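Numbering (this note's numbering), first residue to last: 1 to 251.
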């Protein structure tokens with residue numbers, strides 16, 4: 001009698017690990033098969049997070065992981081051999097300097113500069129020429145940063161001399177200084193100032209600079225085909241709609 005009762009009990013006990021194993025297998029199968037690492041310019045942070053979610057939804061076997069920083073920092077990572085699959089910079093110069101490590105790039109978007117000021121523009125800044133005023137604390141991106149290079153170009157063309165209180169490693173760092181009240185004004189991209197708690201002063205087209213954003217796969221990618229698919233997707237209508245909605249211009 002005891003042995004007969006033990007048989008169903010033993011069978012039930014054996015089923016538990018089997019069911020658990022089946023459950024864990026399902027979870028394993030549900031995990032993304034490929035994780036892509038994309039190095040992207042800091043000014044793309046918000047829109048690329050949204051684009052990544054859209055891409056993953058459309059490609060359930062892919063997980064897109066972004067690393068955002070100033071383009072010069074991304075370039076340093078590529079030169080140091082950081083494991084990554086694709087690169088998107090905020091200028092063509094940085095991408096061109098990395099041509100030995102990248103495949104053929106394609107411009108996916110463009111951007112322009114604007115002056116970011118404290119909310120409600122209390123210093124009454126009206127133009128680029130005002131940034132030379134001695135009563136203003138102006139912050140710019142460092143010259144090696146694309147937005148810093150663009151800023152220098154437009155200021156030099158207008159013969160405006162600015163003595164910045166600091167030179168930052170990315171456009172987001174410039175914006176942060178203005179947002180926190182540590183600077184009265186800074187030059188950033190139109191797209192960065194759009195959703196933050198700052199006021200903006202338009203830079204006329206004839207005084208402005210156009211920033212181009214090239215995207216390319218990296219030759220060292222371990223997921224070459226998937227990386228190429230993602231980079232190509234950035235030029236599709238779906239991706240372009242997201243970029244335009246974020247304020248970027250068509251390439």
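The beta carbon of each residue, even a glycine, is placed where N, CA and C say it ideally should be. Note that the coordinates shown come from a computational prediction; the quantities given were computed from them, not determined experimentally.
**Asked** At what residues does the alpha helix (DSSP H) containing residue 119 begin and finish?
**Response** Reading the chain shown from its first residue, position 119 is the one you call residue 119. Where residue 119 is concerned, there is no enclosing alpha helix (DSSP H), given that its DSSP letter is neither H nor E.
**Contact belief for residue 250 with residue 240 at Cβ below 8 Å, rounded distance in angstroms** = Within the chain shown, residue 250 is the residue found at index 250, counting from 1. Within the chain shown, residue 240 is the residue found at index 240, counting from 1. So it is a contact: roughly 7 Å between Cβ atoms.
**Item:** Three-state secondary structure assigned by DSSP to residue 89
**Value:** Residue mapping note: residue 89 aligns to position 89 of the chain shown, counting from 1. Three-state result, residue 89: coil.
**Item:** Top-ranked residue by Cα proximity to residue 90, from 227, 210, 237 and 242
**Value:** For the purposes of this step, residue 90 is taken as the residue at position 90 of the chain shown. It is 210 whose Cα lies nearest to the Cα of residue 90.
**Item:** residue 225: CB within 8 Å of a non-hydrogen atom of the ligand SAH
**Value:** The model on display carries no ligand, and the ligand SAH is accordingly not part of it.
**Message:** Assuming the contact rule is C-beta atoms closer than 8 Å, residue 108 and residue 234 should be a hit. Round their C-beta distance to whole Å, please.
**Reply:** Here residue 108 is taken as the residue at index 108 of the chain shown, counted from 1. Here residue 234 is taken as the residue at index 234 of the chain shown, counted from 1. About 4 Å separates the two Cβ atoms, so the contact holds.
**Prompt:** Residue range of the alpha helix (DSSP H) that residue 148 falls in?
**Reply:** Reading the chain shown from its first residue, position 148 is the one you call residue 148. First-last of the alpha helix (DSSP H) with residue 148: 146-157.
**Item:** Inter-residue Cα distance where the pair is residue 197 and residue 55
**Value:** Against the chain shown, residue 197 aligns to sequence position 197. Against the chain shown, residue 55 aligns to sequence position 55. Straight through space, the alpha carbons of residue 55 and residue 197 are spaced by roughly 29 Å.
**Asked** Is DSSP giving residue 75 helix, strand or coil here?
**Response** As a first step, residue 75 must be located in the chain shown, where it is residue number 75. In the three-state DSSP reduction, residue 75 falls in the helix class (H, G or I).
**Prompt:** Three-state secondary structure (DSSP) at residue 100?
**Reply:** On the chain shown, position 100 is the one that residue 100 refers to. In the three-state reduction of the DSSP assignment, residue 100 falls in the coil class, being assigned neither a helical nor a strand state.
**Asked** How big is the Cα-Cα spacing for residue 110 and residue 208?
**Response** Indexing the chain shown from 1 puts residue 110 at position 110. Indexing the chain shown from 1 puts residue 208 at position 208. Taken atom to atom, the span from the alpha-carbon of residue 110 to that of residue 208 is near 13 Å.
**Asked** Are residue 36 and residue 216 close, meaning C-beta to C-beta below 9 Å?
**Response** Looking up residue 36 in the chain shown gives position 36. Looking up residue 216 in the chain shown gives position 216. No.
**Request:** Kindly indicate which three-state DSSP category residue 36 falls into: helix, strand or coil?
**Result:** In the chain shown, counting from the first residue as 1, residue 36 sits at position 36. Three-state result, residue 36: strand.
**Asked** In chain order, what residues of the same chain have a beta carbon less than 8 Å from the beta carbon of residue 84, not counting five sequence neighbours either side?
**Response** Here residue 84 corresponds to residue number 84 of the chain shown, with the count starting at 1. Excluding positions up to five away in sequence, the list reads 37, 38, 39, 67, 77, 78, 218, 220 and 221.
**Request:** From the DSSP output, in three-state form, read off residue 221 for me.
**Result:** The residue labelled residue 221 in the question sits at position 221 within the chain shown. For residue 221, the secondary structure class from DSSP, reduced to helix, strand or coil, is coil.
**Asked** Helix, strand or coil: how does DSSP classify residue 235 here?
**Response** What you label residue 235 is simply residue 235 of the chain shown in a count that begins at 1. Residue 235 falls in the coil class under three-state DSSP.
**Message:** Taking the beta carbon of residue 177 as the centre, do at least 16 other beta carbons fall within 10 Å, making it buried, or is it exposed?
**Reply:** Counting from one through the chain shown, the residue named residue 177 turns up at place 177. It is buried - the Cβ of residue 177 has at least 16 other Cβ atoms within 10 Å.
**Distance CB(residue 189)-CB(residue 113) smaller than 9 Å** = Position 189 of the chain shown holds residue 189. Position 113 of the chain shown holds residue 113. Closer than 9 Å, so yes.
**Prompt:** If you drop the 5 nearest sequence neighbours on each side, which residues of the same chain put their C-beta closer than 8 Å to that of residue 128?
**Reply:** Position 128 of the chain shown holds residue 128. So the list reads 115, 154, 155, 158, 160, 203 and 207, once near-sequence residues are dropped.
**Request:** Would you give the residue range spanned by the beta strand (DSSP E) that residue 140 belongs to?
**Result:** What you label residue 140 is simply residue 140 of the chain shown in a count that begins at 1. Element bounds for residue 140: 138-141.
**Asked** Between 64, 117 and 69, which lies nearest to residue 186 when the distance is taken from Cα to Cα?
**Response** Translated into the one-based positions of the chain shown, residue 186 becomes position 186. It is 117.
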